[in-house]
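First comes the structure, then the notes that go with it.
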Amino acid sequence: MAAAAAAVRQWSVPLLSCVVPAGFAVWAFPEGLPPIRAAGIVTGWIGCGLLLVSLLLMLREPRLAAWLGGLERMYRWHHGTGLAAYLFLLLHPLLLAANNLPSARVAWQTLSPFTESWPVWSGWLGLLLLMGGLVTTFIRSIRYGTWRWLHALLGLGVLTGLAHLILLGIDEPVLPILAVAAAILGWRLIRGDLGLAARPYVVTSARPLAARSVEVVLCPLGDPAMVTPGQFVLAEFGNGERYRGCGEFHPFTVSTIANRDELHLAIKALGDCTTRMLAIEPGVAARVIGGFGGFVDPHGTAPQFWVAGGIGVTPFVALLNAGPLLHPTRLLYLYRSETDAAFLPELRATAASDPKFTLHAVETGDDVPDLGPLLPTAGELSRAECYLCGPPGLVAALKSALAARGVTAQHVHYENFEFR
């Protein structure tokens, strides 16, 4: 049963990303037209199908995320399907223009919005809005709040593109598609961005974990969020007597689920908003959506090898806090310096008291270390499930190093919280 559920999670998003656009292409395939013009029409509908999938994958719904393999995985595919949709939609007018070659003048008149009417103008406007939203994905220096609103151009581009089809007189099945797209965007806005799906909490305490890190304790004010050890939540904090919240939901890993459904969140100062959270105070209201993720299988029978980079140690701490381990587990904990190492005293205490848990803590400085001497032998890794959590650069280096040790991709599981 567990294997079947894992297979569903593994293949659900790829199948969705292929079946929906393929269905649109089959439905819209024109007969009796020149091949290039037919290809231009089909690419437009494939792009439309990919856009719908991309919109669905941006929803922040715990049950949907669990079915599709996790919120982080959904976001990666959201970016990929969005980029693919833009490329197909860009091919749409180019192929329609190419159909009129070798007459360059007629081809340009087909392509240029300056010689066409409002229906064509709306198509180009939709493409420009999509391009604007996609460009923000690749600019890492933009502040998160600014990026979030600029990225919303993608949704506006989708609606504009569908309006382009309606202006061309194509009502069926565009009106139902427009209704679905608007419903998905409204669902995300109301339940995700505005927080209708969030559960109310209040900050009861906060303690320093390490340099520029804090652990915040949240107590539910109503029904608690459904969170299991190793998962993360999306949390937004309000204002206190001195503290001023950011008004944005950010992902934070739960380090402990305590009595009375209290959530302990480990927060590292990585940006403007999280830096402000170092000064958070009791009494601050919070809203929580989740839980999401949970890439470690606590019930597996194979030995486990954990690798954590910096604050990425938090999901492993949550699993250790949840109860005794059921299988031999080794944790390689990499951190810049002792002052930067969150939960290090607790981990050392657990390693001293639990014979199934082995800790290898390594101070690395600012660079990714030489991983070869730090990893177990190929023989030891051949029997283990490997779980990685940390910055993207470290996770990428670990995947390569484990592959060189003969560990196949199906035995490597990771989470790195890339939500842009």
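Residue numbers (the numbering used here): 28 to 447.
Glycine included, each C-beta is placed from N, C-alpha and C at the ideal position.
Query: Quick one, are the C-beta atoms of valine 244 and valine 311 less than 8 angstroms apart?; Result: no
Query: Since proline 342 and threonine 280 should fall inside the 8 angstroms C-beta cutoff, what is the C-beta to C-beta distance between them, to a whole number of angstroms?; Result: 5 angstroms
Query: Looking only at its chain, what residues have a beta carbon closer than 6 angstroms to the beta carbon of methionine 304, apart from the 5 residues adjacent to it on each side?; Result: Ile294
Query: Threonine 435 to arginine 103, Cα distance in whole Å?; Result: 21 angstroms
Query: Can you tell me whether phenylalanine 279 is helix, strand or coil according to DSSP?; Result: strand
Query: Going by the C-beta, is aspartate 288 closer than 7 angstroms to any heavy atom of the ligand PLP?; Result: The model depicted lacks the ligand PLP and carries no ligand whatsoever.
Query: Inspect the beta-carbon positions of leucine 79 and alanine 224 and report whether they are closer than 8 angstroms.; Result: no
Query: If distances are taken between C-alpha atoms only, which option among Gly50, Leu123, Glu58 and Gln37 comes closest to methionine 101?; Result: Gln37
Query: Just to confirm my understanding: we take glycine 150, look at its own chain, exclude 5 residues before and 5 after, and list those with CB closer than 6 angstroms. What are they?; Result: His191
Query: Do the stretch 176 to 186 and the stretch 150 to 160 touch if we need at least three Cβ pairs shorter than 8 angstroms?; Result: yes
Query: Where does cysteine 416 sit, in a helix, a strand or coil, going by DSSP?; Result: strand
Query: With distance defined between alpha-carbon atoms, name the residue in Tyr414, Leu352 and Leu84 nearest to tryptophan 214.; Result: Leu84
Query: Is there contact between the stretch 400 to 417 and the stretch 373 to 381, where contact requires at least three CB pairs shorter than 8 angstroms?; Result: no
Query: Have a look at glycine 50 and serine 240 and give me their C-alpha separation to the nearest angstrom.; Result: 48 angstroms
Query: Taking 8 angstroms as the threshold (C-beta atoms), are tyrosine 270 and alanine 237 in contact?; Result: no
Query: In three-state DSSP terms, what is serine 240?; Result: strand
Query: Let me make sure I understand the geometry here. Which of Phe319, Cys413 and Asp288 has the alpha-carbon closest to that of leucine 358?; Result: Cys413
Query: Tell me which same chain residues have a C-beta within less than 7 angstroms of the C-beta of leucine 117, skipping the five on either side of it?; Result: Leu154
Query: Mark threonine 404 as exposed unless 16 or more other C-beta atoms lie within 10 angstroms of its C-beta, in which case mark it buried.; Result: exposed
Query: Could you give the first and the last residue of the continuous alpha helix (DSSP H) run that contains isoleucine 68?; Result: 62 to 83
Query: Under a Cβ-count criterion, where at least 16 other Cβ atoms within 10 Å of its own Cβ denotes burial, should tryptophan 333 be classed as buried or exposed?; Result: buried
Query: With the cut-off set at 8 angstroms, would you say alanine 285 and arginine 410 are in Cβ contact?; Result: no
Query: So histidine 119 and glycine 67 are in contact, right, with Cβ under 8 angstroms, and what is the actual spacing, rounded?; Result: 6 angstroms
Query: Buried or exposed: valine 133, going by 16 or more other Cβ atoms within 10 Å of its Cβ?; Result: exposed
Query: Assign threonine 385 to one of three DSSP states: helix, strand, or coil.; Result: strand
Query: Please work out which residues of its chain come closer than 8 angstroms, Cβ to Cβ, to threonine 366, disregarding the five sequence neighbours upstream and downstream, and give them in chain order.; Result: Ala237 and Ala238
Query: How about phenylalanine 322 and tyrosine 441: do their beta carbons lie closer than 8 angstroms?; Result: yes
Query: Can you tell me which of the three DSSP states isoleucine 197 falls into?; Result: coil
Query: Taking the straight line between their C-alpha atoms, what separation do you get for valine 53 and proline 419?; Result: 38 angstroms
Query: Taking 8 angstroms as the threshold (C-beta atoms), are proline 247 and arginine 234 in contact?; Result: no
Query: Can you give me the start and stop residues for the alpha helix (DSSP H) that arginine 100 sits inside?; Result: 98 to 125
Query: Output needed for histidine 387: all residues of its chain with C-beta closer than 8 angstroms, excluding positions within five of it in sequence on either side, in chain order.; Result: Arg357, Leu358, Leu359, Tyr360 and Leu401
Query: With 16 as the cutoff for other CB atoms within 10 Å, does glutamate 437 come out buried or exposed?; Result: Glutamate is not the amino acid found at residue 437; the sequence shown has glutamine there. Exposed, because fewer than 16 other Cβ atoms sit within 10 Å of the Cβ of glutamine 437.
Query: Name the residue from Leu122, Leu95, Gly97 and Trp94 whose alpha carbon lies nearest to the alpha carbon of valine 69.; Result: Leu122
Query: Short of 6 angstroms in beta carbon distance, which residues of its chain neighbour leucine 347, apart from the five on each side in sequence? Order them along the chain.; Result: Thr377
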